[in-house]
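Residue numbers (the working numbering), protein chains in the order written: chain A, 5 to 244; chain B, 5 to 244.
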């Protein structure tokens with residue numbers, strides 16, 4: 005793991021870009037380090053420098069004293085896209101625009117992405133938790149599809165916040181019952197592109213003994229800012 | 005309004021019992037008074053001294069600096085029950101035990117209760133907001149049936165937390181679209197006595213432009229304690 009830039013923000017949070025092999029990432033650490041770590045997994049189209057993700061990470065570090073790590077998933081952000089990535093993206097855009105069913109395309113696109121992303125998150129976890137800035141259990145916050153697989157495979161993840169609006173391929177949906185950590189599941193009530201009932205069914209399926217659903221009005225990307233505080237309080241209950 | 009007892013708690017909260025005509029109530033005020041007021045409306049079977057309600061009220065006052073008022077609804081707590089009250093309660097218990105439909109009984113029981121309870125809440129509001137300890141907008145936290153009617157009729161209510169598990173008679177359900185204040189709606193996911201879908205439908209019906217659903221695992225009375233903090237933070241956003 006090699007740090008490529010370092011910046012100290014006004015509230016004392018240190019923001020460092022890094023490279024782990026070919027994986028580019030950002031690590032935010034609070035003035036109160038060593039601190040528990042949150043892995044911030046972004047959505048399909050976003051990358052590690054997406055403004056909402058950066059704002060959330062800085063708030064979780066500056067106000068709540070968590071360390072936060074984000075990486076670019078394969079084919080996202082600063083990383084090259086393979087011809088297969090481009091083909092899948094074009095196919096998905098076409099199907100969405102035409103109002104056609106997308107399940108097969110999503111499975112073909114997302115499943116291999118999850119298969120590649122999860123070991124990268126685990127390698128990132130290995131590298132980051134060995135730093136002196138990090139101590140204690142780890143949380144995951146982000147995309148549900150990656151989150152299910154990562155949370156089931158990775159015993160260091162002790163609590164998770166999933167954004168319920170993401171596509172979740174069938175095979176991962178089938179694994180949701182194996183998710184056992186405390187869970188906060190976010191649902192946008194009026195997402196035109198995403199039916200509500202399958203998301204509620206997924207919430208019902210998670211195996212966690214403590215799970216909470218927060219549903220808010222608004223579309224896909226309209227999660228209100230106060231949910232960032234609620235997530236931080238959820239992680240404070242379970243990681244400290 | 006006549007205060008009948010006064011007790012100062014360890015954290016400086018003052019807990020006073022009062023009588024407003026024949027209505028017995030309790031008012032909690034924080035050391036930081038004057039403070040915004042929360043009306044704490046309890047459930048069908050509970051009364052103003054029910055331990056969970058008292059714990060919530062003391063926490064909202066002591067930790068978050070709200071004033072909280074609770075009264076006994078007609079036929080509840082210290083108040084006499086009419087023969088009609090007793091008849092309805094017995095009928096409801098019998099129907100629930102036999103697994104029979106309860107909608108008619110609930111309508112016959114709850115609608116008149118709401119009709120009597122709402123003007124009593126308004127009279128309580130008149131009396132309490134005239135005290136020097138109270139300032140700012142008012143919140144309501146409690147039973148949905150009373151809450152819908154009170155929130156629609158009473159312009160001083162600026163935000164509301166409804167417990168979604170309560171029976172809501174059809175005529176009040178029909179009024180849910182007129183609820184316009186910011187709303188936090190609590191749902192217990194595994195309430196054996198209460199189907200989930202009508203509660204989700206009711207959430208969908210509320211007219212509020214800002215509304216959030218919090219669903220937690222567990223049965224009717226199992227709302228986790230952290231929801232008391234979430235309610236306080238919701239009221240802090242909207243009453244301060």
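Note that CB positions come from ideal geometry on N, CA and C, so glycine has one too. What you are looking at is a predicted structure, and each value in this text was computed from that prediction instead of being measured.
| How would you call residue 59(B), buried or exposed, if buried means at least 16 neighbouring beta carbons within 10 angstroms? | For residue 59(B), the number of other beta carbons within 10 angstroms of its own is below 16, and it is reported as exposed.
| message | By alpha-carbon positions, which one of 76(A), 165(A), 142(A) ends up nearest to residue 148(A)? | response | Selected option, being the one with the closest Cα: 165(A).
| said: To the nearest angstrom, how far is the alpha carbon of residue 183(A) from that of residue 145(A)? | reply: So the alpha carbons of these two residues sit roughly 14 Å apart.
| said: According to DSSP, is residue 37(A) part of a helix, a strand, or is it coil? | reply: In this structure, residue 37(A) counts as coil in the three-state DSSP scheme.
| request: Assuming residue 231(A) and residue 190(A) form a contact by the criterion Cβ under 8 Å, report the distance between their Cβ atoms to the nearest whole angstrom. | output: Contact between residue 231(A) and residue 190(A) holds, with the beta-carbon distance rounding to 6 Å and staying under 8 Å.
| query | At a CB-CB cut-off below 7 Å, which residues of chain A make contact with residue 230(B)? | reply | Residue 230(B) reaches chain A at 241, counting residues in chain order whose Cβ is nearer than 7 Å.
| field | 8 Å Cβ shell around residue 244(A) - same chain, five flanking residues per side excluded | value | Closer than 8 Å at the Cβ level, and outside the excluded window around residue 244(A), lie 40, 140.
| Between which two residues does the alpha helix (DSSP H) containing residue 212(B) stretch? | Where residue 212(B) is concerned, there is no enclosing alpha helix (DSSP H), because DSSP gives it neither an H nor an E.
| Quick one, are the C-beta atoms of residue 128(B) and residue 29(B) less than 8 Å apart? | Contact flag set, yes.
| field | Backbone secondary structure at residue 74(A) - three-state DSSP | value | Looking at residue 74(A) - three-state DSSP - the assignment turns out to be strand.
| field | Residues that DSSP places opposite residue 139(A) in a beta bridge | value | Per DSSP, residue 139(A) has no beta bridge partner at all.
| task | Could you tell me if the beta carbon of residue 16(B) falls within a distance shorter than 7 Å of some heavy atom in the ligand GDP? | result | As presented, the structure is devoid of all ligands, the ligand GDP included, so that no description of it is given.
| field | Whole-number beta carbon distance between residue 35(B) and residue 70(B), since they are thought to touch under 8 Å | value | A Cβ-Cβ distance of about 12 Å is found for the pair residue 70(B) and residue 35(B), leaving them out of contact under the 8 Å criterion.
| query | Taking any Cβ of chain B, which residues in the region 206-228 of chain A have a Cβ under 9 Å from it, in chain order? | reply | Here the close residues are 207, 208, 212, 213, 214, 215, 216, 217, 218, 219, 220, 221, 228.
| field | Any C-beta of chain A under 8 Å from that of residue 14(B) | value | No, residue 14(B) lies away from the interface with chain A (no Cβ there is under 8 Å from its Cβ).
| said: Could you pull the DSSP bridge partners for residue 218(B) from this structure? | reply: Bridge partners of residue 218(B): 218(A), 190(B).
| According to the neighbour-count rule (16 or more other Cβ atoms, all chains shown, within 10 Å of its Cβ), is residue 271(B) buried or exposed? | For residue 271(B) there is no data in the structure shown, the boundaries of chain B being 5 and 244.
| CA nearest to the CA of residue 210(B), picked from 221(B), 181(B), 235(B) | Out of 221(B), 181(B), 235(B), the CA that lies nearest to the CA of residue 210(B) is found in 181(B).
| request: Could you check what DSSP says for residue 146(A) in three-state terms: helix, strand or coil? | output: Three-state result, residue 146(A): strand.
| message | Can you find the residues in the same chain that come closer than 7 Å, C-beta to C-beta, to residue 65(A), ignoring five residues on each side of it along the sequence? | response | Around residue 65(A): 17, 32, 33, 34, 71, 72.
| field | Residues that residue 24(A) bridges to, as DSSP identifies them | value | In the DSSP output, where bridge partners are listed per residue, residue 24(A) has 27(A).
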